[in-house]
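J.: This is the structure, below, for whatever I ask next.
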Amino acid sequence: MCDLVCASPQILQEHVDLHLEECSFSEGINVGDLELARQLQDEEDRQQRLEEVKKEKEEFKKLQRQYGLDDSGGYKQQFLKNMEREVNRGRMQPFEYHKRKTDMMESLAFGVDDGKTKASDHTLIPSIPKIQSMIEDAWKEGFDPRGASHFNNRLRGTKAWIGACEIYSLLTSLRLKSHLKCLYRCQVIDFHKPTGPMGTHPRLFEWVLSYYSRGREDGAKVVCTSKPPLYLQHQGHSRTVVGIEEKKNRTLCLLIFDPGCPSQEMQKLLRHNSDVTFPKQLRKFVGSLKDKQYQIVAVDGVLLPEEKAARREASQVFTAEKIP
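Just so we're aligned: the sequence shown equals residues 281 to 604 in our numbering.
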């Protein structure tokens with residue numbers, strides 16, 4: 281409120297106009313400040329979005345490299361690179377390089393394992409590229425479309441990790457060559473979190489014991505079963521469970537074939553004169569399995585053709601039995 285007393289209406293009008301001009305100037309400054317602040321905030325938001333997009337792309341590329349989906353080459357490329365490295369270091373002669381390369385190309389052409397993928401002396405076992413091809417065929421049949429989309433419908437020529445879902449799709453789609461043309465009936469069991477102290481999974485061991493104990497005679501110390509091995513998957517690695525031991529104190533111990541174990545060590549298991557320490561290569565106690573999550577693929581029978589169709593339909597939204 282202005283306290284000025286004016287002597288004439290003209291002077292009063294001029295004074296009022298001055299006040300109005302002052303207010304308009306102040307309001308103009310305020311509007312300009314708000315507009316500038318809004319522009320600065322918009323620019324900050326835009327930069328933040330760009331940083332988030334950049335970070336997402338970097339994380340995506342990191343995941344692609346981690347899971348072998350970065351087009352850096354598959355089994356053949358890795359094999360050749362490793363041999364070239366050995367030649368450059370003088371550990372392999374050029375003639376041996378070309379011989380091994382020829383052998384590898386022949387094995388890939390026939391789709392059987394040449395022994396370089398830890399399956400020595402069992403050449404009927406499919407090679408890694410062949411298994412990749414068979415999984416792609418399962419996808420083409422309509423199994424696990426979401427999983428197929430994750431891999432861009434392609435495994436051959438990549439280092440992509442093959443997990444429990446891919447093995448499930450493969451086994452469910454695969455027809456066995458025997459006197460009966462049947463299909464694997466299998467299930468996926470997901471031990472999605474530790475169930476014991478210090479990140480251990482005792483429930484997994486109990487499940488395996490139950491699996492191998494079905495139908496056994498009471499009191500038998502050693503049980504030989506016709507049940508198929510179990511496929512055990514965790515982050516970045518898979519192993520084969522071929523049995524389980526139960527000690528007198530009720531401690532459980534899985535018997536595992538690990539492809540990460542050097543083939544020379546595994547071959548020692550075939551020797552009749554192996555010393556008593558060799559089972560250490562096979563035994564895994566509860567404290568040895570401490571990954572956050574494990575999955576098991578178990579074959580529990582055969583499928584009729586109509587059952588296969590039902591399972592293919594069910595795999596459109598893939599679910600596993602969760603324990604606990």
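No residue lacks a Cβ here, since even glycine has one placed at the ideal position from N, Cα and C.
Note that the structure is predicted; figures quoted are calculated from it, not measured.
Assess, as a yes-or-no matter, whether the stretch 578–597 is touched by the stretch 535–545 under the definition of 3 or more beta carbon pairs within less than 8 Å.
T.: Judged by pairs of C-beta atoms under 8 Å, the stretch 535–545 does not touch the stretch 578–597, as fewer than three such pairs exist.
J.: Where do the ends of the beta strand (DSSP E) carrying SER518 lie?
T.: As a first step, residue 518 must be located in the sequence shown, where it is residue number 238. Taken as a continuous stretch (DSSP letters only), the beta strand (DSSP E) holding SER518 covers 517–526.
J.: Tell me the DSSP bridge mates of LEU510?
T.: Here residue 510 is taken as the residue at index 230 of the sequence shown, counted from 1. Paired residue(s): VAL521.
J.: Do THR520 and LEU532 have their beta-carbon atoms positioned less than 9 Å apart in this structure?
T.: On the sequence shown, position 252 is the one that residue 532 refers to. On the sequence shown, position 240 is the one that residue 520 refers to. Cβ distance not < 9 Å, so LEU532 and THR520 don't count as in contact.
J.: In whole angstroms, what separates the C-alpha of LEU512 from that of ASP417?
T.: Here residue 512 corresponds to residue number 232 of the sequence shown, with the count starting at 1. Here residue 417 corresponds to residue number 137 of the sequence shown, with the count starting at 1. Going by C-alpha positions, LEU512 is about 23 Å away from ASP417.
J.: Who are the near neighbours of GLY422 in its chain, counting only those whose CB is closer than 6 Å to its CB and skipping five residues on each side?
T.: The residue labelled residue 422 in the question sits at position 142 within the sequence shown. Around GLY422: ARG592.
J.: I'd like to know whether the C-beta of SER493 is nearer than 9 Å to at least one C-beta of chain C.
T.: This model lacks chain C altogether, as it is built from one protein chain only.
J.: Using 8 Å as the threshold, is the stretch 473–489 in touch with the stretch 571–581, meaning 3 or more CB pairs across them?
T.: Taking a contact to require three or more Cβ pairs closer than 8 Å, the stretch 473–489 and the stretch 571–581 qualify as touching.
J.: Once the 5 residues before and after GLU366 are set aside, which same chain residues still bring their CB inside 7 Å of it?
T.: Your numbering for residue 366 matches position 86 in the sequence shown. Excluding residues within five positions, the ones whose Cβ falls inside 7 Å are MET372.
J.: Measuring alpha carbon to alpha carbon, tell me which of GLU486, ILE442 and SER449 ends up nearest GLY516.
T.: By one-based count along the sequence shown, residue 516 stands at place 236. Answer by Cα proximity: ILE442.
J.: Does DSSP put CYS445 in a helix, in a strand, or in coil?
T.: The sequence position of residue 445 within the sequence shown is 165, counting from 1. Reduced to three states, the DSSP call for CYS445 is helix.
J.: Let's test the definition: count the other Cβ atoms within 10 Å of the Cβ of GLY495 and tell me whether it reaches 16, buried, or not, exposed.
T.: Walking along the sequence shown from the start, residue 495 turns up at place 215. Exposed, because fewer than 16 other Cβ atoms sit within 10 Å of the Cβ of GLY495.
J.: As a quick exercise: from GLY567, MET385, SER387 and ASN362, pick the residue whose alpha carbon is nearest that of ARG483.
T.: Position 203 of the sequence shown holds residue 483. Of the candidates GLY567, MET385, SER387 and ASN362, the one whose C-alpha sits nearest the C-alpha of ARG483 is GLY567.
J.: Taking the Cβ atom as the reference point for each residue, do ILE576 and PHE471 lie within a distance shorter than 9 Å?
T.: For this step, residue 576 is matched to residue 296 along the sequence shown. For this step, residue 471 is matched to residue 191 along the sequence shown. Yes; because the gap between Cβ atoms is below 9 Å, this pair is in contact.
J.: Could you give the C-beta distance for TYR491 and CYS466, rounded to a whole number, given that I count them as a contact under 8 Å?
T.: For the purposes of this step, residue 491 is taken as residue 211 along the sequence shown, with counting starting at 1. For the purposes of this step, residue 466 is taken as residue 186 along the sequence shown, with counting starting at 1. About 12 Å separates the Cβ atoms of TYR491 and CYS466, ruling out a contact at the 8 Å cut-off.
J.: Quick check: the Cα distance between LYS473 and PRO604, rounded to an integer number of angstroms?
T.: For the purposes of this step, residue 473 is identified with residue 193 of the sequence shown, where counting begins at 1. For the purposes of this step, residue 604 is identified with residue 324 of the sequence shown, where counting begins at 1. As the crow flies, the alpha-carbon of LYS473 is around 8 Å from that of PRO604.
J.: Just verifying my parser: in three-state terms, what is the DSSP assignment at ILE408?
T.: Within the sequence shown, residue 408 is the residue found at index 128, counting from 1. ILE408 falls in the helix class under three-state DSSP.
J.: Please report the straight-line C-alpha distance between PRO508 and GLU386, rounded to a whole angstrom.
T.: The residue you call residue 508 lines up with position 228 of the sequence shown. The residue you call residue 386 lines up with position 106 of the sequence shown. If you take the alpha carbons of PRO508 and GLU386, they lie about 30 Å apart.
J.: Tell me the DSSP secondary structure of LYS501 in three-state form.
T.: As a first step, residue 501 is located in the sequence shown; it is residue number 221 there, counting from the start. Of the three classes helix, strand and coil, the one that applies to LYS501 here is coil, per DSSP.
J.: What would DSSP say about SER413, mapped onto helix, strand or coil?
T.: Along the sequence shown, read from residue 1 onward, the residue named residue 413 stands at position 133. Of the three classes helix, strand and coil, the one that applies to SER413 here is helix, per DSSP.
J.: Over the uninterrupted alpha helix (DSSP H) stretch that includes LEU484, give me the two end residues.
T.: Position 204 of the sequence shown holds residue 484. Note, LEU484: alpha helix (DSSP H), 482–493.
J.: In chain order, which continuous runs of the alpha helix (DSSP H) of length 4 or greater are located wholly inside the stretch 565–603?
T.: 585–594
J.: Any idea if SER429 is buried or exposed, counting beta-carbon neighbours within 10 angstroms, 16 or more meaning buried?
T.: Counted from its first residue, the sequence shown places residue 429 at position 149. Classification of SER429: exposed, given that the 10 Å Cβ count is below 16.
J.: For CYS445, count neighbouring C-beta atoms within 10 Å of its own C-beta (all shown protein chains included) and say buried if the count is 16 or more, exposed if not.
T.: Here residue 445 is taken as the residue at index 165 of the sequence shown, counted from 1. The residue in question, CYS445, is buried, as its Cβ has 16 or more Cβ neighbours within 10 Å.
J.: To the nearest angstrom, how far is the alpha carbon of GLY427 from that of GLU323?
T.: Position 147 of the sequence shown, counted from the start, is the residue given in the question as residue 427. Position 43 of the sequence shown, counted from the start, is the residue given in the question as residue 323. Taking the straight line from one Cα to the other gives about 39 Å.
J.: Taking the Cβ atom as the reference point for each residue, do ILE415 and ALA578 lie within a distance shorter than 9 Å?
T.: For the purposes of this step, residue 415 is taken as residue 135 along the sequence shown, with counting starting at 1. For the purposes of this step, residue 578 is taken as residue 298 along the sequence shown, with counting starting at 1. For ILE415 and ALA578, no; Cβs fall outside 9 Å.
J.: Per DSSP, PHE431 is paired with what?
T.: What you label residue 431 is simply residue 151 of the sequence shown in a count that begins at 1. None, per the DSSP bridge assignment.
J.: Need the endpoints of the beta strand (DSSP E) that CYS541 sits in, please.
T.: The residue you call residue 541 lines up with position 261 of the sequence shown. Segment: none, CYS541 is in no beta strand (DSSP E) and carries neither H nor E.
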